[in-house]
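Report on the following structure.
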Amino acid sequence: AERRIEKINANLSLPHLVDPLTAKGDFDWKGIRVGFDLKLTSPADLETRSARLDLALDTDAIDANFGGNVSTKPAFSAEGDLTAKSQSVPSLLAWLRKQPPAETAVGSGELSSHVTWQPGEISFTQLRFALSHATGQGQAVVTLQSPRPHLRAALALWDYAERSARRI
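All you need for this note's numbering is the position in the sequence shown, starting with 1, plus 117.
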């Protein structure tokens, strides 16, 4: 499926290929303005080893931060820590799916995890999340295969409304 980033407004700095790349600005994706702040230790490092990446995204739907290492050889991979906050999980999911928000009892949400992205798979370890009425922790693996991704997860969920814990 085609995805378009439009109306890019950014300031980039890369004095030399071995120097840090910094980029700050915003763009439109799926009709939503996305602010970004990116720092990459050295694009030249990507030819032979990993480079440190710090990336922050800021939208009406979500604020997310990734700090870790990325590699491009032999294939793209990344490993680091991810944090994200959303004022409305239904609005975030609707934006990602490009559908109107569904009515749901879920409101705001937070997530933090150590992430490892390898070809064909994204692993979430030390996963912690909080929703309006529940918190949880665990681990998950998303296998990126056609026709759709496959999710395997082991989560412990604490439901404040029911005052009980469940493993799912």
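Where a beta carbon is used, it is the ideal one built from N, C-alpha and C, also for glycine. A quick note: this is a predicted structure, and the numbers were derived from the prediction, not measured.
With residue 232 and residue 241 assumed to form a contact (beta carbons below 8 Å), what rounded beta-carbon distance in angstroms separates them?
6 Å
Residue 227 (DSSP reduced to helix, strand or coil):
strand
Residues of its chain near residue 258, where Cβ-Cβ distance is below 8 Å and the 5 sequence neighbours each way are ignored:
238, 239, 240, 241, 268, 269 and 270
Under three-state DSSP, which class holds residue 130?
strand
Residue 205, buried or exposed, once every other Cβ within 10 Å from all chains shown has been counted against 16:
buried
Rounding to the nearest angstrom, what Cα-Cα distance links residue 125 and residue 140 in this structure?
12 Å
Cβ pair residue 189, residue 149 closer than 7 Å:
no
Compute the Euclidean distance between the alpha carbons of residue 262 and residue 191, then round it to the nearest angstrom.
19 Å
Candidates 179, 197, 201 and 193: closest to residue 185 by CA position:
197
Status (buried if at least 16 other CB within 10 Å, exposed otherwise) for residue 122:
exposed
Selection from 266, 265 and 230 that minimises the alpha carbon distance to residue 254
230
Cβ distance (whole Å) where residue 159 is taken to contact residue 135 below 8 Å:
5 Å
Out of 145, 156 and 130, point me to the one whose CA is closest to residue 173's CA.
156
What would DSSP say about residue 208, mapped onto helix, strand or coil?
helix
Just checking residue 183 against the ligand NAD - is the residue's beta carbon closer than 6 Å to any of the ligand's heavy atoms?
Ligands are entirely absent from the displayed structure, and the ligand NAD is therefore not among its contents.
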